[in-house]
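In my numbering, the protein residues as written are 481 to 625.
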């Protein structure tokens, strides 16, 4: 009798776990033809500049990122040329409470000079641990004026 009850409990737990798995959301694929980071589109939203827009200095950057991308209300934002050379990097600031799993608005101003034609705006996950498994970045292609 005890074995039958234990078996019933285990089977019920397995059935419940199986039912719970059917509600897992699968993210929609994202078009990456413009060079944007697809797997991180649910982590970062860049509102300005738009992909492939022409940018000039000073460049005001705005967007939203999940709270775990910030450290001490700061999120690293940079401009890189096509070769990955950093042109300028600043710490954009959270504009609301950043210790949350939700999206947090941020903004920053990048002052730069470059003779390159194309590059990327890069939003990086602030990673004070230095552990590579905590690194992440989101790139938006831009054209320099």
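We put the beta carbon where it would ideally sit given N, CA and C, even for glycine.
Report the residue from 616, 598, 614 whose alpha carbon sits nearest the alpha carbon of residue 561.
Among 616, 598, 614, the Cα nearest to that of residue 561 is on 598.
Exposed or buried, residue 558, counting other C-beta atoms within 10 Å across all chains shown (16 or more means buried)?
Flag for residue 558 reads buried.
Let me confirm a value: residue 590 is counted as buried when at least 16 other C-beta atoms fall within 10 Å, else exposed. Which label applies?
Residue 590 comes out buried.
Output needed for residue 607: all residues of its chain with C-beta closer than 6 Å, excluding positions within five of it in sequence on either side, in chain order.
These residues qualify, in order along the chain: 614, 615.
Can you tell me which of 611, 596, 551, 592 puts its alpha carbon nearest to the alpha carbon of residue 537?
If we check each option's Cα against that of residue 537, 592 comes out closest.
Using three-state DSSP, classify residue 610 as helix, strand or coil.
Of the three classes helix, strand and coil, the one that applies to residue 610 here is coil, per DSSP.
Output yes or no for whether 8 Å exceeds the beta carbon distance between residue 550 and residue 574.
Yes, these two residues count as a Cβ contact at 8 Å.
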